[in-house]
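One structure below.
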Amino acid sequence: MCRACRRPKTSCAPPRPWGPAAVVSSLAFGLVHGEPWYLFGLVTLGLLLAAVYELTGSLWAAVIVHAVHNAVALTLLVIQGGLAAQEPPASLLDWGGAAVSFAAVAVIIALLRRRAAARRR
């Protein structure tokens, strides 16, 4: 939603460089989730989703990456026993899950970048 509101893309326009629009849409992405204690991670995820959108020109690619991220987060939540009244300190599983999630997104971005470069040739 934040990507689509940021700016429309035309089929013949090359992706523009990142700038304030990517930062603003990523901040909006983080704020829309309504979880201020996760704002840094959500804004970072928003920037990664902006990269996916910029590299593919497809909102659906960003939606799919977002869904994969949510699936990883939900799986970790279930493994740890669900929501607690008070958030416990981050465990090794939390850090490992975050690392796997961000590594997966980084691999996806690298593959999309390679695909976008091949299309430009």
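Take the position in the sequence shown, starting the count at 1, then add 1116; the result is the number in the working numbering.
For each residue, glycine too, the CB sits at the ideal point set by N, CA and C.
In this text, all values refer to a predicted model and were calculated from it rather than measured experimentally.
TODO: Tell me whether E1170 sits in a helix, a strand or coil according to DSSP, three-state version.
DONE: Correct three-state label for E1170: helix.
TODO: Could you give the DSSP three-state label for S1207: helix, strand or coil?
DONE: coil
Task: C-alpha distance - A1220 paired with A1166, whole-angstrom precision - done: 15 angstroms
TODO: Please determine, among S1174, G1146, H1149, G1213, the residue with the shortest C-alpha to C-alpha distance to L1258.
DONE: The requested residue 1258 is not part of the displayed model; the chain covers only 1117 to 1237.
Task: Neighbour-count burial assignment, F1145, 16 or more Cβ in a 10 Å radius - done: buried
- [ ] Tell me whether R1231 sits in a helix, a strand or coil according to DSSP, three-state version.
- [x] helix
Open item on the list: What does the Cβ neighbour count give for S1142, buried or exposed, with the cut at 16 atoms within 10 Å?
Closed with: For S1142, the number of other beta carbons within 10 angstroms of its own is at least 16, and it is reported as buried.
Task: Residue environment, V1223, which counts as buried when at least 16 other CB atoms sit within 10 Å - done: Around the beta carbon of V1223, fewer than 16 other beta carbons lie within 10 angstroms, which makes this residue exposed.
TODO: Just the C-alpha distance for A1138 and V1159, rounded to the nearest angstrom, thanks.
DONE: 10 angstroms
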